[in-house]
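Student:
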Amino acid sequence: MSKKRTKYTSTFKTKLVLELLQNKSTLVQIASKHNILSQNLQNWKKTFFANAEIAMEPSKAVKEYKEELINHKSKMNA
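Heads up: the sequence shown is residues 3 to 80, going by this note's numbering.
1) Let me make sure I understand the geometry here. Which of Glu55, Lys5, Asn53, Leu43 has the alpha-carbon closest to that of phenylalanine 14?
2) With DSSP as the reference, label asparagine 45 as helix, strand or coil.
3) Return the residue from the list His36, Ser40, His74 that minimises the CA-CA distance to leucine 29.
4) Suppose the cutoff is 6 Å on Cβ atoms and the five residues either side in sequence are ignored; what does the same chain contact list for phenylalanine 50 look like?
5) DSSP three-state call for glutamine 24: helix, strand or coil?
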């Protein structure tokens, strides 16, 4: 019997990454405290840093998202 994957909210992920960045606990300690895999937390940290620039330029992110959406719609209608 397979386990059902847990879906974590972006708020939860961000909270844990910020907790990790405060250096009060290690990655393993935080993961254990919240009953998650340490690899998940490591991946969330990488994603957090990879997207930090977007947070500083929200209008650019919206523009890129709209362009991507238009491209997808064009491909679907073709």
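Heads up, the beta-carbon is just placed ideally off N, CA and C, and yes, glycines get one too.
Tutor: Let me spell this out:
1) Leu43
2) helix
3) Ser40
4) Val19
5) coil
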